[in-house]
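Undergrad:
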Amino acid sequence: MRPTRRLLLGSLASLVLASTCGVATAQDFPSRPIKLVIPQAPGSGADVVGRMLADFMAKDLKQSVVVDNKPGANGIIASQLVQREAPDGHTVLLTSVSLVSFNQFLYKNVPYDPLKDFTFVAPVADAGFVVVASTNSGIKSWDELVKRAKAQPEGLTFASAGLGNSTHLYTEMIGLRSGFKLRHIPYKSSGPALMAVVAGEADVMTSTTATALAQIKAGKVVGLAQSGEARSPQLPELPLLKELTPNVPALPGWYALVGPAKMDGNATQKLAASVNRFLADPAMKQKLIDQFLFPIPGTPADIQKRAENEARIWGGLIRDLKIQID
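In structure tokens form, the structure reads like this:
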């Protein structure tokens with residue numbers, strides 16, 4: 215056989231082998247343990263959701279799912295880590311609305327595009343929120359809050375978990391759409407912010423329901439309104455925010471699974487299907503609801519569209535308020 219012909223046949227064989235191996239790898243996903251990166255510390259809301267999801271997916275996909283907590287810089291550290299990984303589906307991120315729809319407007323130099331540099335895999339869950347008032351404030355209903363706030367522009371204060379945090383932006387949006395302005399007092403996290411309301415250091419706060427429920431039940435804060443489409447069975451007397459002020463957009467507190475850009479389609483499909491089985495499982499669904507985390511089954515396109523829409527709404531608010539974090 216001529217050397218040229220032998221070289222050509224060898225090259226063709228190599229190409230066929232590489233192609234076959236690539237197909238096998240995609241079809242066999244997951245072929246090794248999956249790393250699920252959590253952008254918050256152990257014990258956080260994201261960590262609770264992530265560990266539930268990891269345990270379910272490990273059994274469902276018959277492969278280990280290892281949780282890797284990477285807190286810091288409001289999720290930028292974890293996001294950048296996942297963005298740089300191979301797009302084969304074996305490293306994914308439990309992201310949130312803050313990371314995807316807020317950060318690019320809050321920070322001057324985010325080292326990636328949160329909407330373009332990732333593959334959206336599946337929506338996971340929405341967190342419930344509640345507006346609460348300090349007992350020292352004398353505010354006992356939503357109408358009283360609105361009346362007093364309009365009568366005293368920036369006379370009432372609200373606590374948040376930090377500048378640009380969801381609890382900050384949501385309260386600003388509620389006030390804007392309801393026709394009043396509160397004075398912002400930022401704290402380092404949700405716990406100290408809520409305790410400030412309990413102590414009377416701040417008048418109101420928009421908190422996750424899971425964080426505030428015990429204080430509401432104990433009478434240490436007054437519940438004024440709750441987010442969502444239906445009243446929680448644990449707070450049946452608390453009106454929905456959308457009933458009180460329809461102009462306020464839904465308060466987004468969602469978590470979603472994403473991976474590096476251009477992720478393998480077969481891996482994306484398998485991961486999305488597993489997430490939706492997790493959300494449909496009665497035991498998992500109830501565990502989420504018990505923690506005021508509401509399942510949002512859907513497709514990659516669903517969560518990408520939602521992320522883009524909320525980037526427009528909340529990004530516009532951030533620009534209008536001129537919020538900038540170095």
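Residue numbers (our numbering): 215 to 540.
Beta carbons: idealized from backbone N, C-alpha and C, even for Gly.
#1: Does DSSP put R526 in a helix, a strand or coil?
#2: According to DSSP, is P400 part of a helix, a strand, or is it coil?
#3: Which residue comes first and which comes last in the beta strand (DSSP E) that contains A475?
#4: Between the C-alpha atoms of K499 and N490, what's the straight-line distance to the nearest angstrom?
#5: Taking the CB atoms as reference points, tell me whether Y321 and I537 lie closer together than 7 Å.
#6: Leaving aside the five residues before and after Q294 along the sequence, list all residues of the same chain whose C-beta is less than 7 Å from its C-beta, in chain order.
#7: Whose CA, out of G467, G405, P367, lies closest to the CA of Q440?
#8: Going by DSSP in three states, A238 sits in which element: helix, strand or coil?
#9: For A347, which of helix, strand or coil comes out of DSSP?
#10: With 16 other CB atoms within 10 Å as the buried threshold, where does R397 fall?
#11: Which residues does DSSP list as the beta-bridge partners of V435?
#12: Measure the alpha-carbon distance for F492 versus I430 and round it to whole angstroms.
#13: How many Å lie between W559 and V472 at the Cα?
#14: Among the candidates A260, K276, M266, P514, whose CA atom is the shortest distance from the CA of F243?
#15: Contact check, D261 vs N283 under 8 Å by CB: the rounded distance?
#16: Can you tell me the Cα-Cα spacing of S351 and V345, whole angstroms?
#17: Quick check: what's the CA-CA separation for F343 versus S421?
#18: Using the Cα positions of E522 and K273, report the straight-line distance between them to the nearest angstrom.
#19: Where I252 and A287 are concerned, what is the direct C-alpha to C-alpha distance, given to the nearest angstrom?
#20: Indicate the three-state DSSP secondary structure (helix, strand or coil) for T422 in the structure shown.
#21: Please report how far the alpha carbon of V360 lies from the alpha carbon of V418, in whole angstroms.
#22: Have a look at the DSSP bridge pairing and note the partners of V281.
#23: Suppose you measure from the CA of G369 to the CA of P460; what does that come to, to the nearest Å?
#24: If I measure Cβ to Cβ from S403 and keep anything under 6 Å in the same chain, skipping five residues before and after, which residues do I get?
#25: I need the straight-line Cα distance from F394 to V412, nearest angstrom please.
#26: Report the option in S392, Q505, M409 whose CA atom is closest to the CA atom of L458.
#27: Starting from W468, follow its DSSP beta bridges and name the residues at the other end.
TA: Once the coordinates are examined:
#1: Of the three classes helix, strand and coil, the one that applies to R526 here is helix, per DSSP.
#2: Correct three-state label for P400: strand.
#3: A475 -> no beta strand (DSSP E), and no H or E assigned at all.
#4: CA-CA distance, K499 to N490, rounds to 11 Å.
#5: Result no, Cβ atoms of Y321 and I537 do not sit closer than 7 Å.
#6: The answer, listed in chain order, is P325, Y326.
#7: Minimum Cα distance to Q440 is reached at G467.
#8: For A238, the predicted structure reports a pLDDT of 40, less than 50, and the residue's modelled location is therefore unreliable. The matter cannot be settled from this model.
#9: Strand at A347.
#10: Looking at its Cβ environment, which holds fewer than 16 other Cβ atoms inside 10 Å, R397 is exposed.
#11: Bridge pairing for V435: S348 [DSSP].
#12: Distance between the alpha carbons of F492 and I430 is about 30 Å.
#13: A query on residue 559 cannot be resolved here, the shown segment of the chain reaching from 215 to 540 and no further.
#14: Closest by alpha carbon: K276.
#15: The pair is a contact, with the Cβ atoms about 6 Å apart (cut-off 8 Å).
#16: Cα to Cα, S351 sits roughly 14 Å from V345.
#17: The straight-line gap from Cα to Cα measures roughly 6 Å.
#18: Straight-line Cα distance between these residues: approximately 32 Å.
#19: Cα to Cα, the separation comes out at about 13 Å.
#20: Correct three-state label for T422: strand.
#21: Taking the straight line from one Cα to the other gives about 12 Å.
#22: Bridge partners of V281 according to DSSP: L250.
#23: Cα to Cα, the separation comes out at about 24 Å.
#24: Only A375 meet the Cβ criterion.
#25: Their Cα atoms are separated by approximately 22 Å.
#26: For L458, the closest alpha carbon among the candidates S392, Q505, M409 is that of S392.
#27: In the DSSP output, where bridge partners are listed per residue, W468 has D340.
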